[in-house]
C-alpha cells in the first residue's frame, strides 16, 4: 500500500524541529526543513533533557551519542545561598532500569551541540534543509498546504507539502496563520533569566550534578553539562535589562552568588541565552506518532485533533503548573523554612528514605507523555475501520501534580 501522504515541511531548525524532522525521515517520510536564520543558533539555551524526553531521543537514534559527548545526571538538590543542603534526590537506581523504558536518567549536552548532531544525522538521511527561508504566509486547502517564503536573494516563492509543522518559536508565522495574534500565554515579569556556560570547579564545594539555590534575589541553578568541567549556571536578574547591562553586571553577580565568591579569571565564561526543551521534545515525539499513523494508514486525520486536545491538556494541567512551581520554588519562598513548608521538598526528603516511593515519585514526570499509538486502527495498515478513541484516557492523575519531580535541570 502506498503511503497516505508524501511530504512534511517543518518550519524552524531549533531542537524541536530538528528532532521531529529526524524522527520522520528515519521512518521514511520526506521532510523539508526551513529556517529564517543562515545557520543553527549557537547561543546556550537548554542543556539538560529530562526523563520524559529520553524515549524520543532513543528512538531518534541519538541517545548514545548524547551520552558519549555529554553526561548522565544522577543527583539533584536544593540549597540555601550559603550552600546549606535543604533537600534532594538521587535517581541512579530509580531511573536507570525502568521495566518499560530502560535507563531514563536525565542527560546533558549543550543544546547547540545537540542541534548540530541532529542536523548532521538528518542530512545523512537525505533530509532537505533551506536556510534563510523566512515564512511570510501559510495557506491550505483540502489537499495541500502552501507556504510563501522569502529566499536569501530576497525573492519570494511558494513551497507545497501535505503537512506543515510550525516549530518556529515565539514569533511563529505558522501559529499566527492558525490563531492570529490572539494566542493564550503570559510572560514572567518578576525575573529575567540568564543562562551561561561556565567552567568552574563546583565539585570542590560538594555540589551535586544539579543544584537549585533558593533565594528571593540571588536564585540560581548550577548543573554539570559534560565530563570536561562545563557547567550551566542560570540565574535570576532584574527584568528589563539589556544584553549589555547583563554582561556588565555578570562578574559582580557571580562573585555574590557562587560558592567561593569567584572573580573573573577564576572561571571561564561562555555567552548567555535562554531555557527549556523537555516538554518540546515530548510534544514532537507525540506528533511523530500521529503523522506516522496517518502515513501508514493506521490512523486518519482526526488523530491530529486528538493530539491538539491531549497536548493542551498536558500543558494546562501538568507542564505549566509544574514549571511555574519549579520556578517560584527558587525565589518565592523563605529558604529558612522551605525544608518544612515546601510540599515537594518534603516529598524529596521522604523519597530519600523510601526507595519504592522514590521510584514512584521520580517516574511521575512521565505524566507529560501520552501514547498516541493506542488510537491506531485495530486492523493496522489495512486502511479500514474507525479510529479507536472511546477508551482514551490520560496517563496521569491530576491530583498528583504536586508530586511530580522536575523533568530536567532546565
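In full-length UniProt numbering, the protein residues as written are 1 to 410.
Cβ coordinates follow ideal geometry from the N, Cα and C atoms, glycine included.
Burial state of residue i, where buried means 16 or more other Cβ atoms lie within 10 Å
i: residue 234; result: buried
i: residue 378; result: exposed
i: residue 245; result: exposed
i: residue 106; result: buried
i: residue 356; result: exposed
i: residue 382; result: Its pLDDT being 43, under 50, residue 382 is placed unreliably by the model, and the measurement read from it follows with that caveat. Classification of residue 382: exposed, given that the 10 Å Cβ count is below 16.
i: residue 283; result: buried
i: residue 155; result: exposed
i: residue 385; result: Because residue 385 sits at a pLDDT of 35, beneath the cut-off of 50, its placement in the model cannot be relied upon, and the point is left open.
i: residue 11; result: buried
i: residue 344; result: buried
i: residue 151; result: exposed
i: residue 335; result: buried
i: residue 104; result: buried
Integer Cβ distance of residue i from residue j, believed to fall under 8 Å
i: residue 307; j: residue 372; result: 6 Å
i: residue 212; j: residue 330; result: 5 Å
i: residue 40; j: residue 116; result: 6 Å
i: residue 15; j: residue 114; result: 7 Å
i: residue 316; j: residue 368; result: No, residue 316 and residue 368 are not in contact; Cβ-Cβ is about 12 Å, not under 8 Å.
Residue i and residue j closer than 8 Å at C-beta
i: residue 50; j: residue 296; result: no
i: residue 266; j: residue 108; result: no
i: residue 165; j: residue 20; result: yes
i: residue 192; j: residue 251; result: no
i: residue 138; j: residue 177; result: yes
i: residue 303; j: residue 73; result: no
i: residue 8; j: residue 162; result: yes
i: residue 149; j: residue 135; result: yes
i: residue 23; j: residue 288; result: yes
i: residue 118; j: residue 54; result: no
i: residue 333; j: residue 214; result: yes
i: residue 13; j: residue 129; result: yes
i: residue 88; j: residue 348; result: yes
i: residue 268; j: residue 198; result: yes
i: residue 36; j: residue 132; result: yes
i: residue 299; j: residue 375; result: yes
i: residue 4; j: residue 294; result: yes
DSSP bridge partner residues for residue i (one or two, in chain order)
i: residue 88; result: 77
i: residue 212; result: 78 and 221
i: residue 71; result: 108
i: residue 33; result: 10 and 129
i: residue 146; result: 139 and 160
i: residue 192; result: 237
i: residue 134; result: 150
i: residue 231; result: 198 and 224
i: residue 117; result: For residue 117, which the question treats as bridged, DSSP gives no partner whatsoever.
i: residue 49; result: 107
i: residue 284; result: BP columns for residue 284 are empty, so no partner.
i: residue 269; result: 198
i: residue 165; result: 10
Short CB-CB distance (under 8 Å) between residue i and chain B
i: residue 202; result: No chain B is present in this structure, which holds just one protein chain.
Euclidean distance between Cα positions of residue i and residue j
i: residue 153; j: residue 34; result: 15 Å
i: residue 358; j: residue 208; result: 18 Å
i: residue 65; j: residue 260; result: 34 Å
i: residue 272; j: residue 217; result: Because residue 272 carries a pLDDT of 46, less than 50, the predicted location of this residue cannot be relied on, and no value is offered for it.
i: residue 194; j: residue 124; result: 34 Å
i: residue 399; j: residue 86; result: Any reading at residue 399 needs caution, since the residue's pLDDT is 32, under 50, leaving its predicted position unreliable; the model's value is listed next. One C-alpha to the other measures close to 25 Å.
i: residue 6; j: residue 301; result: 15 Å
i: residue 2; j: residue 29; result: 12 Å
i: residue 210; j: residue 96; result: 17 Å
i: residue 275; j: residue 45; result: Here the model assigns residue 275 a pLDDT of 35, short of 50, so the residue's position is not dependable and the matter cannot be decided.
i: residue 196; j: residue 323; result: 20 Å
i: residue 320; j: residue 52; result: 15 Å
i: residue 364; j: residue 281; result: 17 Å
i: residue 76; j: residue 236; result: 19 Å
i: residue 83; j: residue 311; result: 38 Å
i: residue 318; j: residue 327; result: 14 Å
i: residue 253; j: residue 31; result: 45 Å
i: residue 354; j: residue 158; result: 59 Å
i: residue 71; j: residue 247; result: 28 Å
i: residue 286; j: residue 56; result: 9 Å
i: residue 68; j: residue 48; result: 14 Å
i: residue 242; j: residue 80; result: 28 Å
i: residue 305; j: residue 101; result: 27 Å
i: residue 340; j: residue 352; result: 15 Å
i: residue 121; j: residue 370; result: 26 Å
i: residue 346; j: residue 264; result: 37 Å
i: residue 142; j: residue 160; result: 13 Å
i: residue 43; j: residue 112; result: 7 Å
The ligand FAD heavy atom lying under 7 Å from the CB of residue i
i: residue 297; result: With respect to the ligand FAD, the structure shown offers nothing to examine, as it has no ligands at all.
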